[in-house]
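Enquirer: Here our numbering = 1-based position in the sequence shown + 451. Dumping the structure here so I can ask a few things about it.
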Amino acid sequence: MSSRPPAGPPRPVTRPPDPGGPPILVVDDLADGAALSRAMLEAGGYEVVDEAEGDAVLRLVRSAVVRCVVTEIYIPCAEGRCVVTALKGDRHRLPRLRVLVHTRHRSAHDLAWALDAGSDGVLHKPAEARVLLREVRRLDAVRDASARRSGGDRP
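Below, the structure written as structure tokens:
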């Protein structure tokens, strides 16, 4: 007789990130928050760029290919109250761009605002690395499905 517990069901296979794919843009006004998000995503195999200033974020997104923007909720920019609402306005030009709000703000109002403003998901800080990676992979799957439907590979 073996003293090992019986093997459970097989673990689901998660799709690893595409190492050759576009980077993830991390946006946070606090250097520690950006560094932590960056470390978690890089440990998961993603290429990451970061930025703290809203107008620079918009220039990066509009001129470069990024797979996802992981942003704090209230990053101001010249085009409006925050980057999230400005990016929502870009959805017609960048239909596959995904925006994940990763925020220290926890009120129901902030959560509702982030979703109404056009984010594809919201995570509260501090999120565990596995939770952040799972959400980014989910958004990658949505992005990939969008590409298959449209027949293109633009962001």
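The beta carbon of each residue, even a glycine, is placed where N, CA and C say it ideally should be.
1. The alpha helix (DSSP H) spanning arginine 510 covers which residue range?
2. For alanine 537 versus leucine 509, is the C-beta distance shorter than 8 Å?
3. Quick check on the DSSP output: the alpha helix (DSSP H) that includes aspartate 483 runs from which residue to which?
4. Under three-state DSSP, which class holds arginine 581?
5. Counting only the same chain and skipping the five closest in sequence on each side, list residues whose C-beta sits under 7 Å from that of lysine 539.
6. What does DSSP give as the partner residues of glutamate 502 in its beta bridges?
7. Where are the beta strand (DSSP E) runs, 3 residues long or more, that stay fully inside the region 536 to 561, in chain order?
8. Go through its chain and collect everything with a Cβ distance to tyrosine 525's Cβ below 6 Å, but skip five positions before and after it.
9. On a Cα-Cα basis, can you pick out the residue from Ala578, Pro546 and Arg555 that is closest to aspartate 571?
10. Leaving aside the five residues before and after valine 573 along the sequence, list all residues of the same chain whose C-beta is less than 6 Å from its C-beta, in chain order.
Expert: Let me lay it out:
1. Your numbering for residue 510 matches position 59 in the sequence shown. In the DSSP assignment, arginine 510 falls within the unbroken alpha helix (DSSP H) covering 505 to 514.
2. The residue labelled residue 537 in the question sits at position 86 within the sequence shown. The residue labelled residue 509 in the question sits at position 58 within the sequence shown. Result yes, Cβ atoms of alanine 537 and leucine 509 sit closer than 8 Å.
3. As a first step, residue 483 is located in the sequence shown; it is residue number 32 there, counting from the start. Note, aspartate 483: alpha helix (DSSP H), 482 to 494.
4. On the sequence shown, position 130 is the one that residue 581 refers to. Helix.
5. As a position in the sequence shown, residue 539 is number 88, starting the count at 1. Counting only Cβ-Cβ distances below 7 Å, and skipping sequence neighbours, we find Ala568 and Gly569.
6. Against the sequence shown, residue 502 aligns to sequence position 51. Note: glutamate 502 sits in a beta bridge opposite Val478.
7. 549 to 554
8. Taking the sequence shown and counting its residues from 1, the one referred to as residue 525 is at position 74. Cβ neighbours of tyrosine 525 beyond the five flanking positions: Cys533.
9. Reading the sequence shown from its first residue, position 120 is the one you call residue 571. Among Ala578, Pro546 and Arg555, the Cα nearest to that of aspartate 571 is on Pro546.
10. Numbered from its first residue, the sequence shown carries residue 573 at position 122. Contacts found: Val552, Leu562 and Ala565.
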